[in-house]
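Numbered per my numbering, the sequence shown spans residues 4 to 289.
For glycine and all other residues, C-beta sits at the position ideal for the given N, C-alpha and C.
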Amino acid sequence: MHALTLGVAADGLAGELAAHGVAVVHQVHHDLLADYGPEAWGESVAQAVRVLLPGSVLACGTDRGNEVMAQAAARLDVPFVANVMSVTAADVWDVTRVRWGGSLLETCTLTADVKLLTVSHHAFEAAESPVAGTTATLSVDLDPALARTIVAERVERAAGVTLATAPLVVGGGRAVGSAEAFAPLEELAALLGGVVGCSRAVTNNGWRNHTDQVGQTGTRIAPDLYMACGISGAIQHWVGAMASKKILAINTDPEANMVAKADYAVIGDLHKVVPAITAEIRRRRG
Ligand SMILES: Cc1cc2nc3c(=O)[nH]c(=O)nc-3n(C[C@H](O)[C@H](O)[C@H](O)COP(=O)(O)OP(=O)(O)OC[C@H]3O[C@@H](n4cnc5c(N)ncnc54)[C@H](O)[C@@H]3O)c2cc1C
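Below you can see the structure in the form of structure tokens.
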């Protein structure tokens, strides 16, 4: 297994890649790769494939991973399968991939000489398998015209845990009722070292910023515990929450989809249940 890193900033990944079984890291350095640009990155992957002749090329099924691999596939004129969950590799590959934000699983057969895939979010755990890895420099020839899409502005994220990486998320839905009514959820999240997330009903109402939205058109979360308060569990929300290790639903409706899918549920009014949980934690902590 070899890896390709693009840009000087990625050179530091070599050690971690060797710890996960990568024998050779091919490092590509070029002025056009100093920042993200899908055309230059995709062309670099395509050139690397022509030189290194791999049997398959895998990347993360993030927006960026899918964009770069789509660019590479178009330049190589080969098919590309995005968001793969499982592969059975024989002469032809049988591949299952996630579509429509997780509401459809598609199986397909991949027969190309070089197989381009991205791996669906949270589909696999990264396994440690240390090897004595080496690095090599790979030259690419990039036309300045490839700098068609460039990073024009960078906005600093607030420091601290993010929704995508938080070990605990307290999510609020339409039933929270207003921006101000999120205060008890904020208090509980802070007490447990977590962050607050929300459904699209909340962002549509302007109660919270879109950066807090969990779901298909928001952030995909994978905390140890997701406390979903007054959230019905619509499929578009669920696909963003389903990688949570445990889910606690707080809902007045015992038939709500989120209650059916949760590991634990409290059937009750979130405006009473959330402050009661906070009070009990404070009491136990003395
Ligand atoms: C293309 C598309 C993309 C979308 N993307 C997303 C997305 O990324 N994220 C997302 O969240 N949604 C998304 N949606 C919207 C999604 O379909 C739902 O409309 C939305 O998730 C509903 O939000 P909700 O659960 O907060 O509200 P509701 O569905 O109205 O549910 C409110 C819940 O609160 C419960 N409740 C009521 N009162 C109380 C109370 N006092 N205490 C406790 N529980 C109470 C109710 O029983 C109900 O289950 C998308 C929709 C489309 C069409």
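| Check | Outcome |
| --- | --- |
| I believe V101 touches M88 by the beta-carbon criterion, under 8 Å. Please report the beta-carbon distance rounded to the nearest angstrom. | 6 Å |
| Taking the straight line between their C-alpha atoms, what separation do you get for G180 and N254? | 14 Å |
| Does the separation of the CB atoms of D215 and C201 fall below 8 Å? | yes |
| Which class does R157 belong to by DSSP, given the choice of helix, strand or coil? | coil |
| Please specify which runs of the beta strand (DSSP E), each continuous and at least 3 residues long, are wholly inside the stretch 227-262, giving them in chain order. | 228-232, 249-254 |
| Work out the CA separation of L9 and A135 for me, nearest whole Å. | 21 Å |
| Given 8 Å as the limit, is there contact between the stretch 136-144 and the stretch 26-38, that is, 3 or more CB pairs closer than that? | yes |
| Mapping the DSSP letters down to three states, classify V134 as helix, strand or coil. | coil |
| Just the C-alpha distance for K264 and M230, rounded to the nearest angstrom, thanks. | 12 Å |
| A85 and T121 look like a contact to me (Cβ under 8 Å); what is the Cβ gap, rounded to whole Å? | 5 Å |
| T206 lies in the alpha helix (DSSP H); which residues open and close that run? | 203-207 |
| By Cβ distance below 7 Å, which residues in the same chain neighbour D14 in space, the five residues on each side in sequence not counted? | T8, Q30 |
| Between which two residues does the alpha helix (DSSP H) harbouring D66 extend? | 66-79 |
| Of all the options R203, L56, L194, R78, which has the alpha carbon lying nearest to the alpha carbon of E283? | L194 |
| DSSP has K118 in a bridge; who is on the other side? | S59 |
| Compute every distance between the C-beta of T65 and the non-hydrogen atoms of ligand 1, then say whether any falls below 7 Å. | no |
| Rounded to whole angstroms, how far is the Cβ of L55 from the Cβ of W44, which I believe are closer than 8 Å? | Contact doesn't hold; Cβ gap of about 16 Å is too wide. |
| With distances taken Cα to Cα, identify the nearest neighbour of E46 among G174, S132, A77. | A77 |
| Can you look up T216 in the DSSP assignment and give me helix, strand or coil? | Note on identity: in this sequence residue 216 is Gln, with Thr being the wrong assignment. In this structure, Q216 counts as strand in the three-state DSSP scheme. |
| Can we count V217 as close to ligand 1, meaning its CB is less than 7 Å from some heavy atom? | yes |
| At a cut-off of 7 Å, is D256 close to ligand 1 when judged by its beta-carbon and the heavy atoms of the ligand? | yes |
| What are the partner residues of T112, as DSSP defines its beta bridges? | D97 |
| Pick out the complete alpha helix (DSSP H) segments inside the stretch 14-63, 4 residues or longer, and give them in chain order. | 17-22, 41-55 |
| For V217 and A150, I'd like the C-alpha separation in whole angstroms. | 32 Å |
| Label G243 either buried or exposed according to how many other C-beta atoms from any shown protein chain fall within 10 Å of its C-beta, with 16 as the threshold for buried. | buried |
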